Every structure is written in C-alpha cells, then in structure tokens.
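Structure, as structure tokens:
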C-alpha cells in the first residue's frame, strides 16, 4: 500500500498526541512514536527534525482548532443582542476550559511547556491566540457597556478562567472550578450592570 507524505505526517502527529496524553511529552521517545505510527525512524526524520519539532506541530494543530472554534462561536451568536453574546461567550470560554483540562492533557502540557526557555515559539503562538481572544472579548464588553475598562476586564476574565482550569488539573477539583466560574460570570455581568446603572440581582 502506498502512503502519501501528508498521510504519514498526520499519522505521526496522531500517534504523538495519543502518547503525549498518556505518557507526557518528557516520557515519550521518538521510538515510541515510530512504533505507534507504524513507521521507521528514517520516515519520521523525513517530516520532523526531532521530537520538539513534532511538539511544535502539535501546538500548531491545537491553536488552529482554537481559531476555528472561535470563528464557529461568532457565527452561532451573530443574531443575538450584545448582552446575550457576552453571556454566551463567558459560558463558552468556561465550558471549553473545563473540557480541555478534563479530557485533553496535551493542551495543558503545551501551556506548561511554553514556559520553558526552549518554548519561545510555542509561547509566542499561545500569546497570539490570547491576544486575539482578548481583543474579541474586549469588543463584546464594549458593545454592552462602552464606558467600561474593557481590556482589563477581559484580561481578568481570561486569566481567571485559565488559572481555575490549571487548578482543576492539579487539585482534581471540578466543584471548585465550577464555583469559580460561576462567580466570575456573576462578577463580570454585575460590574457591567453597575456601570449601566442597572441591577442583575432578582
């Protein structure tokens, strides 16, 4: 059977992601990836320089998926009023963080690896995604309340969600994550309500 180069590359990445989930990046060797993908070491070097090169490609895959997900979200809420869009956005960010930290350890590993000295390119890619989210979330906040400190409020929300997600992984505490998430949502919406001279309390 003849395999196209792109199919081989995809099989390598799929095998690597599966192994990174189970064994972690540091616990996975190129030999493990070759065996899981059913290829030779020579074949892997045809597509990637080393294991770190594979990790960078995995990061690119995840970040592309993030962008597609964000685009899908915007399309799904395009007909909603600004306040409804904002509330839906908060719920989506919280749910995504919860699912990623529960079901996809690779995403957490990539985030942690970006803090290493050799993770500059991954860190830059993560920051680009963060900046895009910050810009879009700030835009939603301003649509609801033009006079709010949108950028700092957006940064507060995104940082809180990320921190709660990492806490959930380390402490394995889903209930605490959900409490933090609910408090965050209430805080953001109430801050905007105060700026508008309204009350969201029943």
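Numbering (the working numbering), first residue to last: -12 to 189.
Beta carbons are placed, not taken as given, at the ideal position from N, Cα and C, and that holds for glycine.
Being a predicted model, the structure only gives us computed values, none of them experimental.
Endpoints, the alpha helix (DSSP H) within which residue i is located
{"i": "residue 34", "result": "28 to 34"}
{"i": "residue 149", "result": "137 to 158"}
{"i": "residue 10", "result": "-8 to 10"}
{"i": "residue 19", "result": "17 to 24"}
Residue i, DSSP secondary structure in three states
{"i": "residue 216", "result": "With the chain covering only -12 through 189, there is no way to say anything about residue 216."}
{"i": "residue 106", "result": "helix"}
{"i": "residue 69", "result": "helix"}
{"i": "residue 47", "result": "helix"}
{"i": "residue 82", "result": "helix"}
{"i": "residue 132", "result": "coil"}
{"i": "residue 13", "result": "coil"}
{"i": "residue 64", "result": "coil"}
{"i": "residue 101", "result": "coil"}
{"i": "residue 177", "result": "helix"}
{"i": "residue 186", "result": "Confidence at residue 186 is low in this model, with a pLDDT of 42, below 50, so its placement is unreliable and the value that follows should be read with caution. Note: residue 186 maps to coil in three-state DSSP."}
{"i": "residue 171", "result": "helix"}
From the options, residue whose alpha carbon lies closest to that of residue i
{"i": "residue 78", "options": "4, 154, 178, 170", "result": "170"}
{"i": "residue 12", "options": "116, 98, 61, 122", "result": "98"}
{"i": "residue 105", "options": "178, 40, -1, 47", "result": "40"}
{"i": "residue 132", "options": "31, 178, 44, 142", "result": "178"}
{"i": "residue 175", "options": "47, 58, 143", "result": "143"}
{"i": "residue 60", "options": "83, 43, 46, 48", "result": "83"}
{"i": "residue 93", "options": "49, 157, 17, 154", "result": "49"}
{"i": "residue 86", "options": "19, 17, 149, -4", "result": "149"}
{"i": "residue -6", "options": "30, 9, 14", "result": "30"}
{"i": "residue 126", "options": "155, 157, 146, 76", "result": "76"}
{"i": "residue 14", "options": "151, 96, 80, -4", "result": "96"}
Is the segment 18 to 27 touching the segment 51 to 65 in the sense that three or more CB pairs, one from each, lie closer than 8 Å?
Two segments are said to touch when three or more pairs of C-beta atoms, one from each, lie closer than 8 Å; by this definition the segment 51 to 65 does not touch the segment 18 to 27.
Does the pairing of the segment 56 to 72 with the segment 137 to 151 give three or more beta-carbon distances under 8 Å?
no
Counting pairs of beta carbons, one from the segment 165 to 175 and one from the segment 105 to 123, are three or more of them closer than 8 Å?
no
Is it the case that the segment 113 to 124 contacts the segment 36 to 43, given that we only count it when at least three CB pairs across the two stretches are under 8 Å?
no
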